[in-house]
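Right, one structure below, let's go through it.
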Amino acid sequence: MKRFCTILLSLVVAILPQFNTDIFSQESTVYATVHSRKAFVVGGNNAPTGLFYQKRSDDTVWKHTGPSNIHAFAIAAAPESKGQLLFMGAGNGVHRTMDGGNSWKITTGWEITEVLCLAIDPSDRKRVLCTSPYGIYQTKDGGDQWKDCSRGLTTKFVSAVIIDHSNPKLLYCSTEDGIFSSDDNAETWERTALTVKGIRCIAQHPTNPGMIAAGTEDDGIYLSQDNGENWRKCEDGIENATFYTVIFDVKDPLIMYAGGFETGVYKSKDGGKTWQRSQQGLASLTIRSIAVDPANTNRIYAGTFGQGVYRSEDGGYTWKYAGLAGSLVWSINIEPFEP
Amino acid sequence: MKIIATFLISIVLLWRVPVYSQRIESDQYLKAFEKRAQRIIALSDSLTPSIYGWAARLYGVGGNYRQADSIIKELLKTPGGDMFWMFGIVSASLHGKGKMSPETEQAVRRAWKTYPPYRGDTENHWCLYYSTLLLASQEWPGLPGSEWFNGKSSEENYNEAREYLIHWMKITTTIGQGEFDSPDYFPVFISPMILLAQFARESEMRTRGSMMADYLFADFAVDHLDGQYTGGSSRVAHTPPYEPLAANAAPLAYLYFGEGEPRVSDFTLVAALSSYRLPEIIFRIATDRSMPYVQKEKKRVRNVIRYGSEMNPPVYRYTYMTSDYALGSLQGGILQPIQQHTWGVNFKSGRPFTTIFGLHPNWSGRELGMFFPEEVKCLIANVVQSKSTYNNPDKWIGGSPFERTFQHKNSLIVLYDIPQGTTTDHIDGFFPNTLEKRLVDSSRWILCKAGDAYIGWYPLQEYEWKTENDCFRLRSHKLQNGYVIEVRSKSEIGSFKNFSDSLNKHIPQAVLQPGNISVRYVNLDGNSMEFTYPENRELDGKYVDLSQYKLFEGPYLNADVGSEKLTITYKNETRILDFKSLTITDR
Numbered sequence: 000m001k002r003f004c005t006i007l008l009s010l011v012v013a014i015l016p017q018f019n020t021d022i023f024s025q026e027s028t029v030y031a032t033v034h035s036r037k038a039f040v041v042g043g044n045n046a047p048t049g050l051f052y053q054k055r056s057d058d059t060v061w062k063h064t065g066p067s068n069i070h071a072f073a074i075a076a077a078p079e080s081k082g083q084l085l086f087m088g089a090g091n092g093v094h095r096t097m098d099g100g101n102s103w104k105i106t107t108g109w110e111i112t113e114v115l116c117l118a119i120d121p122s123d124r125k126r127v128l129c130t131s132p133y134g135i136y137q138t139k140d141g142g143d144q145w146k147d148c149s150r151g152l153t154t155k156f157v158s159a160v161i162i163d164h165s166n167p168k169l170l171y172c173s174t175e176d177g178i179f180s181s182d183d184n185a186e187t188w189e190r191t192a193l194t195v196k197g198i199r200c201i202a203q204h205p206t207n208p209g210m211i212a213a214g215t216e217d218d219g220i221y222l223s224q225d226n227g228e229n230w231r232k233c234e235d236g237i238e239n240a241t242f243y244t245v246i247f248d249v250k251d252p253l254i255m256y257a258g259g260f261e262t263g264v265y266k267s268k269d270g271g272k273t274w275q276r277s278q279q280g281l282a283s284l285t286i287r288s289i290a291v292d293p294a295n296t297n298r299i300y301a302g303t304f305g306q307g308v309y310r311s312e313d314g315g316y317t318w319k320y321a322g323l324a325g326s327l328v329w330s331i332n333i334e335p336f337e338p
Numbered sequence: 000m001k002i003i004a005t006f007l008i009s010i011v012l013l014w015r016v017p018v019y020s021q022r023i024e025s026d027q028y029l030k031a032f033e034k035r036a037q038r039i040i041a042l043s044d045s046l047t048p049s050i051y052g053w054a055a056r057l058y059g060v061g062g063n064y065r066q067a068d069s070i071i072k073e074l075l076k077t078p079g080g081d082m083f084w085m086f087g088i089v090s091a092s093l094h095g096k097g098k099m100s101p102e103t104e105q106a107v108r109r110a111w112k113t114y115p116p117y118r119g120d121t122e123n124h125w126c127l128y129y130s131t132l133l134l135a136s137q138e139w140p141g142l143p144g145s146e147w148f149n150g151k152s153s154e155e156n157y158n159e160a161r162e163y164l165i166h167w168m169k170i171t172t173t174i175g176q177g178e179f180d181s182p183d184y185f186p187v188f189i190s191p192m193i194l195l196a197q198f199a200r201e202s203e204m205r206t207r208g209s210m211m212a213d214y215l216f217a218d219f220a221v222d223h224l225d226g227q228y229t230g231g232s233s234r235v236a237h238t239p240p241y242e243p244l245a246a247n248a249a250p251l252a253y254l255y256f257g258e259g260e261p262r263v264s265d266f267t268l269v270a271a272l273s274s275y276r277l278p279e280i281i282f283r284i285a286t287d288r289s290m291p292y293v294q295k296e297k298k299r300v301r302n303v304i305r306y307g308s309e310m311n312p313p314v315y316r317y318t319y320m321t322s323d324y325a326l327g328s329l330q331g332g333i334l335q336p337i338q339q340h341t342w343g344v345n346f347k348s349g350r351p352f353t354t355i356f357g358l359h360p361n362w363s364g365r366e367l368g369m370f371f372p373e374e375v376k377c378l379i380a381n382v383v384q385s386k387s388t389y390n391n392p393d394k395w396i397g398g399s400p401f402e403r404t405f406q407h408k409n410s411l412i413v414l415y416d417i418p419q420g421t422t423t424d425h426i427d428g429f430f431p432n433t434l435e436k437r438l439v440d441s442s443r444w445i446l447c448k449a450g451d452a453y454i455g456w457y458p459l460q461e462y463e464w465k466t467e468n469d470c471f472r473l474r475s476h477k478l479q480n481g482y483v484i485e486v487r488s489k490s491e492i493g494s495f496k497n498f499s500d501s502l503n504k505h506i507p508q509a510v511l512q513p514g515n516i517s518v519r520y521v522n523l524d525g526n527s528m529e530f531t532y533p534e535n536r537e538l539d540g541k542y543v544d545l546s547q548y549k550l551f552e553g554p555y556l557n558a559d560v561g562s563e564k565l566t567i568t569y570k571n572e573t574r575i576l577d578f579k580s581l582t583i584t585d586r
């Protein structure tokens with residue numbers, strides 16, 4: 000009996016590491032905005048698009064919530080609201096739910112359209128910024144009133160905005176005319192040293208707030224270590240020019256991922272110094288969005304142009320189809336709560 | 000003295016007193032309209048289409064209400080169509096007010112709560128969306144956001160819609176319409192305006208709807224020839240540009256101008272049911288072709304969001320109209336994505352395909368990126384999913400950044416300077432196979448006859464003919480290229496032989512080198528036209544300054560940029576649409 004127990008215990012000890020450790024951690028919710036599906040026509044009989052979500056443990060099954068066929072771009076979940084307070088950026092403006100998706104309201108008027116990116120202040124969920132081809136807007140009352148905050152920008156086309164997690168007064172936005180920063184709550188903007196045209200995305204290091212990454216339309220990826228005062232182009236291992244998404248691994252910020260036009264997924268393990276490209280299993284190499292699961296950072300999601308979502312369980316080296324067939328997945332967001 | 004003073008005051012009053020929204024149309028004119036409206040309605044009855052417009056017809060004019068109820072309930076099982084759905088359901092609801100069954104009313108109400116239409120991404124989408132949202136929200140006042148698809152209350156929806164519509168009317172009457180002169184989208188602007196004119200409860204919005212319908216119809220009227228919306232256009236969408244009589248504007252030309260053929264759609268049915276009446280002065284302008292005229296217009300480019308410093312650069316539109324043909328052009332360049340029609344000559348031939356035109360069938364992600372916010376390098380693939388001809392080198396629609404025009408009356412020069420490596424390395428010309436004559440003269444002029452219109456096309460470079468189903472395609476592969484167009488009618492020049500003999504003596508002189516392209520041409524009227532690509536146009540030695548264009552300039556329509564005021568003139572009648580004071584003044 001003792002021998003039997005020893006064998007059993009040994010087996011358990013041997014098998015345990017084989018299990019994904021996240022089975023013991025909290026469940027997460029994965030959000031994906033589907034901009035369009037194949038043959039989308041305004042006014043046509045289109046397949047549902049908009050906001051989809053799934054449990055992290057789900058395979059390819061997604062549930063739809065909110066309005067459909069609205070050219071959805073961005074999704075942002077208020078911290079610690081457990082999915083109750085969500086903002087979605089779309090052609091119709093900024094949609095908001097305060098009850099986990101049961102009801103939605105378009106919080107913006109006719110002036111705000113084609114909302115490409117959203118950022119919620121981590122210290123004040125009533126403060127939200129959104130970007131569009133017509134400028135950058137801010138609400139301080141949770142979406143009831145929005146104000147144009149584009150002063151100082153030399154172009155209105157703002158692809159993305161981030162709020163500095165260490166100092167919410169400080170913001171960065173990516174535009175058609177370079178990267179801009181604001182140190183006065185988005186009241187005014189000044190151009191940073193990066194003047195490359197057509198910046199498509201921007202990301203901030205999760206623990207080193209001075210480190211900013213940017214993906215460009217034609218000029219690859221740039222990194223700044225000093226709040227945008229100096230920028231270095233990432234060269235080693237980068238074979239493509241067009242990047243729509245660059246992100247940091249929240250747990251290990253030396254790890255970065257990037258994707259764009261016909262890129263597959265790029266990974267850096269040394270803070271952007273060198274990059275490796277992976278495409279194994281991807282049906283589309285054009286990547287619009289990438290997200291790392293904070294509960295298991297080997298699990299990566301990639302939103303493709305026209306082929307739905309792909310998931311990697313090995314830190315981005317190989318990929319498997321994960322649903323939303325035929326979709327242009329503009330953004331993916333993973334939140335640490337159950338739907 | 001007192002008598003003289005009274006007399007003078009009376010004269011002044013008679014001359015100046017505005018007539019607010021009064022419509023004094025002749026009985027004969029109104030009866031003819033009613034007859035055509037009845038014909039469209041009768042045609043719909045024979046087709047019994049399952050569309051909201053037919054339900055509106057059944058409610059609107061002595062129809063079977065229960066049949067209308069069942070059409071609506073069936074359609075509402077799967078609502079779809081975004082702003083087009085909104086137009087259909089609003090039209091049917093407003094005509095069905097007091098006639099719908101309570102059950103149908105509930106289904107309609109439920110749909111406004113549960114079906115979220117997309118606002119769209121074009122001017123016509125927004126015009127439909129907000130006009131119909133205004134009308135729907137006025138029908139259900141006082142409802143909270145939970146009762147509407149967008150979570151906004153009735154009042155919030157009404158105010159937002161009103162604000163946008165007033166904004167749209169203001170920019171249209173100050174810097175010009177963005178989705179301008181579209182043979183296909185014209186009804187999409189007109190129809191919501193006539194709904195507002197009839198059904199808006201707020202008198203200001205009723206007046207605005209009616210005045211804007213007049214404004215848009217006047218714009219169409221000066222470009223109208225025999226049921227066709229002629230000249231350069233922002234968008235030719237649903238039918239090929241070589242079938243002008245199949246465009247969506249054509250059945251409205253039938254209904255309002257009495258030319259062309261009736262056709263049934265949501266738009267034509269709602270127009271036929273409407274209480275809106277086109278002012279007779281506009282009807283006269285649309286149908287009197289006794290005198291040729293030049294019409295100049297300034298419109299605006301759709302919102303440029305990338306690759307440009309100006310959001311709405313100007314569009315310069317020029318049309319020469321006669322009783323037998325119209326030659327019209329835009330200045331060239333990219334003025335609209337995907338479906339721009341830069342120039343064309345339209346004619347009355349009594350046969351299909353009543354037009355000749357040319358283009359550089361260009362496409363590029365950059366062109367799309369100017370107007371659409373999605374990723375530039377993915378845009379072509381995105382667009383061709385629904386507009387499959389966009390990247391087809393044989394397409395018949397679309398503008399090119401490498402194309403420019405210079406028009407003077409019935410003479411037109413078109414030049415191209417196409418860089419190496421551009422997506423298409425050729426230019427094309429459309430010559431319908433229904434032309435009565437298409438000859439190539441020893442002088443190089445291509446001479447065509449269609450009805451009483453004679454069209455000459457002088458190619459500046461070598462070319463080839465391709466025979467296709469509907470046409471003969473002129474194709475030239477030279478990158479530095481161009482042609483000269485001359486159009487005359489029998490009444491202007493006599494016989495076709497006269498036309499041919501005259502053109503023999505008018506040979507354009509061209510320089511066609513990369514970066515150095517120019518043409519000098521003396522037209523049949525003896526005017527010297529010198530055109531150096533891209534923007535230097537000289538007429539009889541004088542620089543032609545397009546920037547001086549007014550919003551409308553011609554014998555019938557005149558409006559200054561920024562004025563919000565359109566003066567409509569026909570013979571000794573004048574009507575002024577003043578959007579600042581919201582008044583209509585007849586003199």
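Those protein sequence lines, which keep their order, are chains A and B. When you number the first sequence by numbering that gives the first Met the number 0, it's gap-free, plus one each residue, and the end is 338. When you number the second sequence by numbering that gives the first Met the number 0, it's gap-free, plus one each residue, and the end is 586. For glycine and all other residues, C-beta sits at the position ideal for the given N, C-alpha and C.
For residue i versus residue j, is the C-beta spacing smaller than 7 Å?
i              : j              : result
A118 (chain A) : V160 (chain A) : yes
T215 (chain A) : I198 (chain A) : yes
V249 (chain A) : I220 (chain A) : no
S67 (chain A)  : T48 (chain A)  : yes
S173 (chain A) : A213 (chain A) : yes
I'd like to know whether the C-beta of residue i is nearer than 7 Å to at least one C-beta of chain B.
i              : result
K196 (chain A) : no
P47 (chain A)  : no
K81 (chain A)  : no
I220 (chain A) : no
D163 (chain A) : no
P335 (chain A) : no
A321 (chain A) : no
A324 (chain A) : no
Compare the Cα-Cα distances from residue i to each of the options and report the closest residue.
i              : options                           : result
Y520 (chain B) : B:G540, B:F32 and B:G514          : B:G540
S490 (chain B) : B:P513, B:A452, B:K496 and B:C470 : B:A452
L329 (chain B) : B:S387, B:L411 and B:G62          : B:L411
R126 (chain A) : A:I162, A:V114, A:T28 and A:T154  : A:I162
A89 (chain A)  : A:P78, A:T138, A:E189 and A:H70   : A:H70
L434 (chain B) : B:S92, B:G450, B:D500 and B:R586  : B:G450
E572 (chain B) : B:D585, B:I337 and B:G368         : B:D585
V560 (chain B) : B:E162, B:P313 and B:V344         : B:P313
Q419 (chain B) : B:R443, B:Q512 and B:Y228         : B:Q512
If we cut at 7 Å on Cβ distances, does residue i have a partner in chain A?
i              : result
G257 (chain B) : no
C126 (chain B) : no
Q176 (chain B) : no
I379 (chain B) : no
P115 (chain B) : yes
F83 (chain B)  : yes
K376 (chain B) : yes
Q21 (chain B)  : For Q21 (chain B), the predicted model reports a pLDDT of 44, less than 50, meaning its position is unreliable; a value from the coordinates is still stated below. With 7 Å as the cut-off, Q21 (chain B) does not count as an interface residue toward chain A.
Q335 (chain B) : no
If residue i sits next to residue j, beta carbons under 8 Å apart, how far is it from one beta carbon to the other, in whole angstroms?
i              : j              : result
S311 (chain A) : T32 (chain A)  : Not quite, the Cβ-Cβ distance comes to about 20 Å (not below 8 Å), so this is no contact.
M168 (chain B) : L127 (chain B) : That pair is no contact at about 15 Å.
| field | Residues of the segment 158-169 of chain B with Cβ closer than 7 Å to any Cβ of chain A, in chain order | value | Residues E159, E162 and Y163.
| Selection of the segment 231-263 of chain A by Cβ proximity to chain B, strictly under 9 Å | The segment 231-263 of chain A vs chain B, Cβ under 9 Å: T241, Y243, G259, F260 and E261.
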